Each structure stands twice: as C-alpha cells, then as structure tokens.
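Chemist:
The following block contains the structure:
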C-alpha cells in the first residue's frame, strides 16, 4: 500500500503551532455545585417503556431546576424516551444513561424541528450541559417521517457542554448538532465558551453530518466520529446571516476528528463571512472524499448586488496531523469530479447515494485547499498553515494536498 507524507517543515518554527488547549479553557463544569438532583422517571413519573411523548415532564423538570439558586441535575435512566423542542435553561445539567434511547417527537406541522434547544427563542442560557452516564446514549432519528430534524440547536448559549451522544441517522436533512445566531433586542448574538466531545453519527447525508457551526466563539471540539457527511463542518453559509454580515466562527479548536464513507472529516468554508482563527489537530478519514476541505470565500449574485465581499478565515489558522486512507465508495458530489484524475474517473458510479446528491466515487485527496491564494482576502483566499499530512493507498492522485490548479481538464485522447 502506497503512502504519501507531506510535511511543511519550514512553517513549523512558530511556537503557536503547539496545541495546548484544555477543556477547562473553554468550559467550567458546575454540575458538582447544583442545589438538587432529580430522576426523571421517579420524580416526574415518566414511563420509559411506552411510546408516548415525554417532553412535558422533562420540560417541567428543567423549569424546576433552573428556578433553584444553583440549578439542578436531571438523571435520565435506562429506557426509551420521546422528546421534542426541549428548551434547556440556565444552570441545568442533563445526565443520560448509556442504556437510554431518545426518539424525536414530530411537530404538529411539517416543519423543521429538534430535540434540545439552547437559546433558540432568544433567551440567554448559561452553565448548561447534556452528557452521558458511563458511556454514549443513543438518539435515533433513522425512521422519522419528517427528515428536517436536529438533535441539538444552539444560538445563545454560554459555558456549555454537549457530550456522549450517538446519533443513529439515515440521511436526515440537518447536521445533528447545529450552532447559529439570533437577534435579541436589536442585537445579534451567538454562543460562546463551550466543549463538544465524544459524539458520533451513523449514515449521515452528504450535505450535513455530525456538527455544523455557523456562529460560535471560543469552543473546543474533541473526539468526534462520523459515518457519512462531514463530521465537523465550519461552514458559514446561512443566507440571512451572510446578508446581515454577522456570526462566523472565531477561536475554534478541534482535536481528533474522524470520518468514514463520507464527504469530509472537517470542512472550513467561509462563504461571505469574515471568520476568525481556527486550529485543527488530528483528522483521520477512510473512504471519504477528502480528509479536509478548505474552501475559499465567495459571493452569490444577490450578495454582489449588496456589495458584499467574499469571506475568509484568519490567516493564522492551523491544520496539522491529517491522515486519509483511500477507498472507492466515498460520497463525492459532481462539482468535485473535476479533481478526480482521468484514470480514476471510470470508478465514478452513475447512480447516486441514498442522499440523492453525492455519488459513489474514489476518495479524491487528503486535502482540497481551494483557499490557497497568497492570502488574497479580497477574493476569498486565506492562509492555513498545514503540516504532517499523510495519504495512504491513493493509486491515482500523487499529491496529498491539491488546490484549484489541480483541476483536471478534458480526458479525451
């Protein structure tokens, strides 16, 4: 098996390349200080063996705990539960058994919906967590009739933890964990100071995946696993947010991100938003289009009329320790076929994956660095310092890192 290693050694002199972040730099855990601990089954009479909606009881428990001086802890024991549009409030910590399975309850109308909401109604939420007890709990969205579902939605949360969630998916519409912005009293707000760790997703849609952040500050993503889609998508593409020129990702750190059978392990894509610093240490993919996609910023026709400029990420951004292993059944969209070499094009299937957007095709390269353009921010280019990239078993693509100049022209002979 052929192995290709690229190390940009000359760029590694700076001490800033040392990834020294700790969880405590981002999230201060206050679960040990709560005023009260309750059990959802024993104290709120939830039947965790039937198929009825348990949302009202969980919301009552949250409302009771947030009213206490130091908040409270809610234990959710082994069993099955049905939750929808749960409003997580300040100083509430939800601890879910590894033997619990959560199913989303459908909304009354056929619209977007979710399981846990953090500040999505404009309320300021702080010191909150949802985590597992002795392992990962399951959230099963694989059989939902309405596929417009998220597990976690966050717009105005501060000092938060999301941990130990295993999402059983089947090409639903949104990423399982989403971070966005909202407008409160005339001011735009976003979430900050948090940790997302030890979460995974199975059978994700090409265009979605485990996490998508549109607006976030000072957050650490750690030990994330994905099957399909993009495990960590730092893409600021929301139309209204771009037109308002707010949001964006700032001081985002990620460590140990994995993806198989997907689009990419990590995607960095600014659209028309001026984003801040991003640092990624450790991306591994198997049978995935790219381990890492670093896209340049751009504006669409409407944004050009508004005289908006292409977005970018900070030129201080860093990516290191990337490993991609080749496969021939990755999720690849036709827009990326131009990066597949002529001798590999016959391996592209004619029938799409179940997501209806991507096609089974060979993994293209370890890194697609379309933002590579001498830090010309005005045209959407920006610098990312890349080091220690390993491409294993790629028989067609000789480069571990490709950019716009590697587009393949006509394959006719």
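Residue numbers (mature numbering (1 follows the signal peptide of the UniProt record, and there is no 0)): -20 to -1, 1 to 393. Where is the CB? At the ideal position from N, CA and C, for every residue including glycine. Being a predicted model, the structure only gives us computed values, none of them experimental.
1) Three or more beta-carbon pairs under 8 Å between the region 314 to 331 and the region 286 to 296, yes or no?
2) How far does the beta strand (DSSP E) with residue 80 in it extend, from its first residue to its last?
3) Quick one: give me the first and last residue of the alpha helix (DSSP H) that residue 61 is part of.
4) Of the residues 212, 253, 201, which one's Cα is nearest the Cα of residue 223?
5) Once the 5 residues before and after residue -10 are set aside, which same chain residues still bring their CB inside 7 Å of it?
6) With distances taken between CB atoms, is the gap from residue 136 to residue 95 smaller than 8 Å?
7) Using a threshold of 8 Å, state whether the C-beta atoms of residue 50 and residue 81 are closer than that.
8) Go through the region 2 to 79 residue by residue and report every complete run of the beta strand (DSSP E) that reaches 3 residues or more, in order.
9) Nearest-angstrom Cα distance between residue 390 and residue 29?
10) Kindly indicate which three-state DSSP category residue 380 falls into: helix, strand or coil?
11) Mind checking which residues open and close the alpha helix (DSSP H) that includes residue 365?
12) Do residue 97 and residue 121 come within 8 Å of each other at the CB atom, strictly closer than that value?
13) Between the beta-carbon of residue 74 and the beta-carbon of residue 110, is there less than 8 Å?
14) Per the contact definition of three or more C-beta pairs closer than 8 Å, is the region 6 to 20 in contact with the region 170 to 186?
15) Look at the alpha carbon of residue 53 and the alpha carbon of residue 338, and state the distance between them as a whole number of angstroms.
16) Tell me residue 229's beta-bridge partners as DSSP assigns them.
17) Could you tell me the distance, in whole angstroms, from the CA atom of residue 31 to the CA atom of residue 124?
18) Hey, out of 131, 72, 250, 243, whose CA is closest to residue 207's CA?
19) Would you give the residue range spanned by the beta strand (DSSP E) that residue 224 belongs to?
20) Using only CA atoms, which one of 212, 68, 22, 334 lies nearest to residue 141?
21) Beta strand (DSSP E) containing residue 264: first to last residue?
Modeler: The structure says:
1) Counting C-beta pairs closer than 8 Å gives fewer than three between the region 314 to 331 and the region 286 to 296, which falls short of the contact rule.
2) According to the DSSP assignment, residue 80 belongs to the beta strand (DSSP E) that extends over 80 to 84.
3) Note, residue 61: premise wrong, no alpha helix (DSSP H); beta strand (DSSP E) at 59 to 63.
4) The option with the nearest alpha carbon to residue 223 is 253.
5) Note that residue -10 has pLDDT 34, beneath the 50 cutoff, so the model's placement of it is unreliable and the number below is only indicative. Hits under 7 Å: 365, 367.
6) no
7) no
8) The region 2 to 79 contains these whole beta strand (DSSP E) runs: 16 to 19, 52 to 56, 59 to 63, 66 to 68, 72 to 77.
9) Taking the straight line joining both Cα atoms gives about 60 Å.
10) coil
11) First-last for residue 365: 365 to 372, but that is the beta strand (DSSP E), not the alpha helix (DSSP H).
12) By the CB criterion at 8 Å, residue 121 and residue 97 fall outside the cutoff.
13) yes
14) yes
15) 42 Å
16) 196
17) Residue 31 and residue 124 have their alpha carbons spaced roughly 14 Å apart.
18) 243
19) For residue 224, no beta strand (DSSP E) segment is defined; the enclosing uninterrupted segment is the alpha helix (DSSP H) at 219 to 224.
20) 68
21) 258 to 266
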